[in-house]
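Numbering-wise (our numbering), the sequence shown opens with residue 120 and increments by one. Cβ coordinates follow ideal geometry from the N, Cα and C atoms, glycine included. Quantities reported herein were computed from a predicted structural model and do not represent experimental measurements. Structure first, then comments.
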Amino acid sequence: MRDRAEAEGLAHQIRTLASSMGAVTLPALFVPTPLEPDMSLALGLFERALLPVLLDEAGAPLGAPRWGLWEPGQALVTLGRPPAQPSGEVLGAESLKEADLIVIPGLAASADGTRLGQGGGWYDRALTHRSPGTPVVAVIFDDEVLEAEIIPAEPHDVPVDGIVTPTRTIAVNLR
120 MRDRAEAEGL AHQIRTLASS MGAVTLPALF VPTPLEPDMS LALGLFERAL LPVLLDEAGA
180 PLGAPRWGLW EPGQALVTLG RPPAQPSGEV LGAESLKEAD LIVIPGLAAS ADGTRLGQGG
240 GWYDRALTHR SPGTPVVAVI FDDEVLEAEI IPAEPHDVPV DGIVTPTRTI AVNLR
């Protein structure tokens, strides 16, 4: 996380994007690690959201993507290592079908929709469960936006439809 102004800018960009889509009722968002853009204000924009659940109650990695339904005021817990995740019921990967906007982290993204993640493929596996046409946007810092074709894409990589930074939204394939 860098500073409050970036968190405010990010919340503004996500609010504007969600408004342009009509009524976003269940976004899939994320709780950042300390090195990712601050999503704290963006989380508060929605009455509820799906958040990734990466670890079981003992702090061991889950084998497949899982989600938790989060509502403002609900506790987020850190089980051994960041990021925090919602307390409460763990939902299966298929629950992502209910999301009407999917916001994911990245280390970088390019204007052609290629996203560089942390290399584990969690989001690529999770995104196979989304409803067709549900937009996926990568949240990164401004200096992590790269030119098209800079990031190599593997066959399993799922492209993003847009890129959101604290100062701008870049439409790659947003309708």
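I need the straight-line Cα distance from residue i to residue j, nearest angstrom please.
i, j, result
"Ala177", "Leu164", "31 angstroms"
"Thr286", "Ile269", "22 angstroms"
"Ala212", "Ala245", "6 angstroms"
"Ala147", "Leu162", "10 angstroms"
"Gly199", "Val291", "36 angstroms"
"Asp219", "Gly192", "22 angstroms"
"Pro153", "Pro278", "24 angstroms"
"Ile259", "Pro156", "6 angstroms"
"Ala230", "Gln237", "19 angstroms"
So, helix, strand or coil for residue i, using DSSP?
i, result
"Leu173", "strand"
"Arg234", "strand"
"Gln193", "coil"
"Ile133", "helix"
"Ala124", "helix"
"Ala212", "helix"
"Ser250", "coil"
"Ser139", "helix"
Assuming residue i is part of the beta strand (DSSP E), what are its boundary residues?
i, result
"Arg185", "180 to 189"
"Leu220", "220 to 224"
Which residues does DSSP pair with residue i in a beta bridge?
i, result
"Ile270", "Ile270 pairs with nothing; no bridge assigned."
"Gly281", "Val256, Ala290"
Can you tell me where the alpha helix (DSSP H) with residue i in it begins and where it stops?
i, result
"Leu162", "159 to 162"
"Leu246", "241 to 246"
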